[in-house]
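Trainee:
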Amino acid sequence: MKETVYLSRLCDKELIKRLQSSGAVLIEGAKWCGKTWTAAKIAKSTLYMQNPDTAVSNLKLADTKPSLLLQGNTPRLIDEWQMAPILWDAVRFEVDKRNETGQFILTGSAVPADNVIAHTGTGRISRLLMRPMSLYESQESDGSISLADLFDGKTDIAAISELTIENIAFAMCRGGWPASVKHTGNTALQMAIDYVEAVINQDVSRVDGVEKNPERVRALLRSLSRNISTLATIQTIKSDMETDDIGLSEKTISLYLNALRRIFVVEDLPAWSPSLRSKTAIRTSSKRQFVDPSIATAVMRTSPDGLLKDFETFGFLFESLCTKDMRIYAQSNDGDVFHYRDKNGLEADLIVRLRDGRWAAIEVKLGSKQIEIAAKNLLKLSSKVDTEKMGKPSFLMVLTGGQYAYKRDDGVLVVPIGCMKD
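Numbering (my numbering), first residue to last: -19 to 402.
Quick look at the structure:
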C-alpha cells in the first residue's frame, strides 16, 4: 500500500500539526490522490477496510463490537472508514474516553450521508482536505516563489521557470495522481482515464446507493468539461447535454452533481463578496471546476498534443490547473480561494484570502499577450475594493504559463505557475 518513493506532500506538516491538537484527524479527498500513503507514513498501526482478506470480518466486527477494530498502536490509521460508518461514532467515543490527542487517522474518498453518523465529531475529529498533487509537489514547479513570502511583502521577484507549454499540457492531462507522476508517456496518462471510468461506472452510484445511468454521468462530466472555469448554470449544462441527445431534468442534474461532490470529483470555486467603495452587483455563482483538470481531459478524450492545437480549451484548463495548485498553496497558509466577477464584467480569476483577512487578486493567462490587459483589470479591481474594510491587497498577480517572473512598474507581479509553491 506504500509508494516505493514517497514524494512529500504539503499536507504532511498539516497532518502532524492536527494530530498534536485533536484526538483524530479525517483526511478526505478524491480517491487515488494519496491519502493512504500520506497517512501510512505517520501511522503506527493500520486497518485497511477494503483489504479483501479481512473486509467481511471487519464489517461484521464493526456491526457487533467496533471498539475492537480501534485497538492498535497510535496514531492508528483506519483506511476507507466510510465502508462501516459506525466507525465514525466509535472513534469519537474512543477519543472522548482516552482524552488524548493523536489517536486516529481516518481516510475516506466519499462523504457518507448525514443520517448514517450520529454525531458530527466537532471538537474531536479534525478534517483535512487533500487534493491531487500540485506542480510543486510533483517536482515540476521549482518553487522559487512562495505564496507565503508574497503575503509577507517579499514582492521584489525575479525567476525563470523551466516548465514549457508542452510540459504544462502533459502535466494537465496526466493529473496530480501520485501513482501517475512517477511514470512517463502514455502510461502516466492512463490513470486519469481509469479514474474517470471508475467514477462513471461505480463510484458515483456507490456513494449514495442510487444507481445512475453511466452514459448520463458521462454526458454530465463532458458538459462540465466543456464549461470548466466558467459560471455555467444548471440550465446551461442541461441545454449543453441536450446537444449530446441526453435529456436530464435540472433536479436530476443537481442530484448527480451532489454525488460527484461527495466523492470529491467536482470542486466548484465559490464567489468572493468584498465590501466595495460603490454599490456594484457582484455575481455570486460558483465557477465550475473539477478537483483536477485531468478529469476534463480524460472525459473529452484529448491529449497533450490535442491541447497544443486548441489554445482556447487549453486556456480554460490552464485556469483549472492553476486553481487546483493555488488552492493547495493557500491551504498550506490557512487560506481559501475564490473568484470575483461583477455585473460590469470586471473579474479576477482567483482571490486568495487568508484567515487573518489578508487577500490577493490573481488573473490567470496562459500566454504573455494578455498580461497587459490582465494587469489593468487587477488594478481596476483593487481600486474598487473598500480598503478601509477589506485592507489593501497584499499583491496583485498575473499567473502565467510563461518563463519569466518579475514585478512590473505598476506593481503587478507576473509569475509562471512553474515557479510557485506554498
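Note that CB positions come from ideal geometry on N, CA and C, so glycine has one too.
A quick note: this is a predicted structure, and the numbers were derived from the prediction, not measured.
Determine, using beta carbons only, whether residue 328 and residue 287 come nearer to each other than 8 Å.
Mentor: Sequence index remark: in the sequence shown, residue 328 carries index 348 (1-based). Sequence index remark: in the sequence shown, residue 287 carries index 307 (1-based). No, Cβ-Cβ distance for residue 328 and residue 287 is not below 8 Å.
Trainee: Are there any heavy atoms of the ligand ZN lying less than 7 Å away from the beta-carbon of residue 126, as far as the coordinates show?
Mentor: Because no ligand of any kind appears in the structure shown, any question about the ligand ZN cannot be addressed here.
Trainee: Take the Cβ of residue 437 as the centre, count every other Cβ of all protein chains shown within 10 Å, and call the residue buried at 16 or more, exposed below.
Mentor: Because the chain is modelled from -19 through 402, residue 437 falls outside the range shown and cannot be assessed.
Trainee: Taking only runs that begin and end inside the stretch 279 to 356, name each unbroken beta strand (DSSP E) of 3 or more residues, in chain order.
Mentor: Correct list: 315 to 321, 327 to 334, 339 to 345.
Trainee: Using the C-alpha atoms, what's the distance from residue 33 back to residue 189?
Mentor: Start at 1 with the first residue of the sequence shown, and residue 189 comes out as number 209. Start at 1 with the first residue of the sequence shown, and residue 33 comes out as number 53. About 24 Å.
Trainee: DSSP three-state label for residue -3, please.
Mentor: What you label residue -3 is simply residue 17 of the sequence shown in a count that begins at 1. Residue -3: helix per DSSP, three-state reduction.
Trainee: So, does the CB of residue 234 fall closer than 8 Å to a CB anywhere in chain D?
Mentor: No chain D is present in this structure, which holds just one protein chain.
Trainee: Hey, out of 209, 315, 250, whose CA is closest to residue 300's CA?
Mentor: For this step, residue 300 is matched to residue 320 along the sequence shown. For residue 300, the nearest C-alpha among the options comes from 209.
Trainee: Per DSSP, which one or two residues make a beta bridge with residue 267?
Mentor: In the sequence shown, the residue the question calls residue 267 occupies position 287. Paired residue(s): 249.
Trainee: Specify the secondary structure class of residue 95 as computed by DSSP and reduced to three states.
Mentor: The count along the sequence shown starts at 1 and reaches residue 95 at position 115. With a pLDDT of 49 at residue 95, under the threshold of 50, the modelled position of that residue is not reliable, and the figure given next carries that caveat. Helix, per DSSP.
Trainee: Using alpha carbons as the reference points, say which of 58, 342, 53 lies closest to residue 46.
Mentor: Here residue 46 is taken as the residue at index 66 of the sequence shown, counted from 1. Ranking the options by Cα distance to residue 46, first place goes to 58.
Trainee: For residue 311, does the count of other Cβ atoms within 10 angstroms reach 16, so buried, or fall short, so exposed?
Mentor: Translated into the one-based positions of the sequence shown, residue 311 becomes position 331. Label assigned to residue 311: buried.
Trainee: Taking only the alpha-carbon atoms, compute the straight-line gap between residue 168 and residue 365 and give it to the nearest angstrom.
Mentor: The residue given as residue 168 occupies position 188 in the sequence shown. The residue given as residue 365 occupies position 385 in the sequence shown. About 44 Å.
Trainee: Three or more beta-carbon pairs under 8 Å between the stretch 9 to 21 and the stretch 142 to 158, yes or no?
Mentor: With the cut-off at 8 Å, the stretch 9 to 21 and the stretch 142 to 158 touch.
Trainee: Can you tell me which of 384, 340, 254, 264 puts its alpha carbon nearest to the alpha carbon of residue 369?
Mentor: Here residue 369 corresponds to residue number 389 of the sequence shown, with the count starting at 1. Cα-wise, what sits closest to residue 369 is 254.
Trainee: Return the CA-CA distance between residue 395 and residue 129, expressed in angstroms with no decimal places.
Mentor: Position 415 of the sequence shown, counted from the start, is the residue given in the question as residue 395. Position 149 of the sequence shown, counted from the start, is the residue given in the question as residue 129. Going by the C-alpha atoms only, they are around 13 Å apart.
Trainee: Would you mind giving the Cβ-Cβ distance between residue 201 and residue 105, rounded to the nearest angstrom? I have them listed as a contact below 8 Å.
Mentor: As a first step, residue 201 must be located in the sequence shown, where it is residue number 221. As a first step, residue 105 must be located in the sequence shown, where it is residue number 125. Their Cβ separation, rounded to whole angstroms, is 31 Å, which puts residue 201 and residue 105 out of contact at 8 Å.
Trainee: Measuring CA to CA, which of 292, 219, 303, 261 is closest to residue 248?
Mentor: As a working mapping, residue 248 is identified with position 268 in the sequence shown. Answer by Cα proximity: 303.
Trainee: Which value, in whole angstroms, describes the spacing of the CA atoms of residue 320 and residue 251?
Mentor: Residue mapping note: residue 320 aligns to position 340 of the sequence shown, counting from 1. Residue mapping note: residue 251 aligns to position 271 of the sequence shown, counting from 1. Approximately 6 Å, taken between the alpha carbons.
Trainee: With DSSP as the reference, label residue 107 as helix, strand or coil.
Mentor: As a first step, residue 107 must be located in the sequence shown, where it is residue number 127. The answer is strand: DSSP assigns residue 107 an E or B state.
Trainee: Per DSSP, which residues does residue 396 bridge with? Please list them.
Mentor: As a position in the sequence shown, residue 396 is number 416, starting the count at 1. Answer is 380, bridged to residue 396.
Trainee: If you compare alpha carbons, which of 108, 116, 206 is closest to residue 267?
Mentor: Your numbering for residue 267 matches position 287 in the sequence shown. Taking only the C-alpha atoms, the option nearest residue 267 is 206.
Trainee: Relative to the C-alpha of residue 66, which candidate in 38, 283, 55, 274 has its C-alpha closest?
Mentor: Here residue 66 is taken as the residue at index 86 of the sequence shown, counted from 1. Ranking 38, 283, 55, 274 by Cα distance to residue 66 puts 38 first.
Trainee: Specify the secondary structure class of residue 367 as computed by DSSP and reduced to three states.
Mentor: Your numbering for residue 367 matches position 387 in the sequence shown. In this structure, residue 367 counts as helix in the three-state DSSP scheme.
Trainee: Where are the alpha helix (DSSP H) runs, 4 residues long or more, that stay fully inside the stretch 117 to 167, in chain order?
Mentor: List check, alpha helix (DSSP H) in window: 127 to 131, 145 to 154, 158 to 161.
Trainee: Excluding the 5 residues preceding and the 5 following residue 386 in the sequence, name in chain order all residues of the same chain whose CB lies nearer than 8 Å to its CB.
Mentor: Locating residue 386 in the sequence shown gives position 406, where the first residue counts as 1. Once the five neighbours on either side are set aside, the close Cβ partners of residue 386 are 137, 138, 393, 394.
Trainee: Have a look at residue 44 and residue 315 and give me their C-alpha separation to the nearest angstrom.
Mentor: For the purposes of this step, residue 44 is taken as residue 64 along the sequence shown, with counting starting at 1. For the purposes of this step, residue 315 is taken as residue 335 along the sequence shown, with counting starting at 1. Straight-line Cα distance between these residues: approximately 42 Å.
Trainee: Would you check if the stretch 217 to 231 and the stretch 271 to 283 touch, i.e. whether three or more CB-CB distances between them fall below 8 Å?
Mentor: Touching, no.
Trainee: Mark residue 324 as exposed unless 16 or more other C-beta atoms lie within 10 angstroms of its C-beta, in which case mark it buried.
Mentor: Walking along the sequence shown from the start, residue 324 turns up at place 344. Residue 324 should be labelled exposed.
Trainee: Thinking C-beta only, is residue 10 closer than 8 Å to residue 114?
Mentor: By one-based count along the sequence shown, residue 114 stands at place 134. By one-based count along the sequence shown, residue 10 stands at place 30. Contact: no.
Trainee: How is residue 191 classed by DSSP in three states: helix, strand or coil?
Mentor: On the sequence shown, residue 191 is found 211 positions in, with the first residue counted as 1. Coil.
Trainee: Which class does residue 34 belong to by DSSP, given the choice of helix, strand or coil?
Mentor: The count along the sequence shown starts at 1 and reaches residue 34 at position 54. Of the three classes helix, strand and coil, the one that applies to residue 34 here is coil, per DSSP.
Trainee: Would you tell me roughly how many angstroms separate the C-alpha atoms of residue 227 and residue 24, rounded to the nearest one?
Mentor: Residue 227 sits at position 247 when you count from the first residue of the sequence shown. Residue 24 sits at position 44 when you count from the first residue of the sequence shown. Between residue 227 and residue 24, the C-alpha separation is close to 50 Å.
Trainee: CA-CA distance, residue 306 and residue 317?
Mentor: The sequence position of residue 306 within the sequence shown is 326, counting from 1. The sequence position of residue 317 within the sequence shown is 337, counting from 1. Between residue 306 and residue 317, the C-alpha separation is close to 7 Å.
Trainee: Determine the direct distance from the alpha carbon of residue 243 to that of residue 283, and round the result to whole angstroms.
Mentor: Taking the sequence shown and counting its residues from 1, one reaches residue 283 at position 303. Taking the sequence shown and counting its residues from 1, one reaches residue 243 at position 263. Those two C-alpha atoms are separated by around 25 Å.
Trainee: Pick from 76, 281, 246: whose alpha carbon is nearest that of residue 170?
Mentor: Against the sequence shown, residue 170 aligns to sequence position 190. Ranking the options by Cα distance to residue 170, first place goes to 281.
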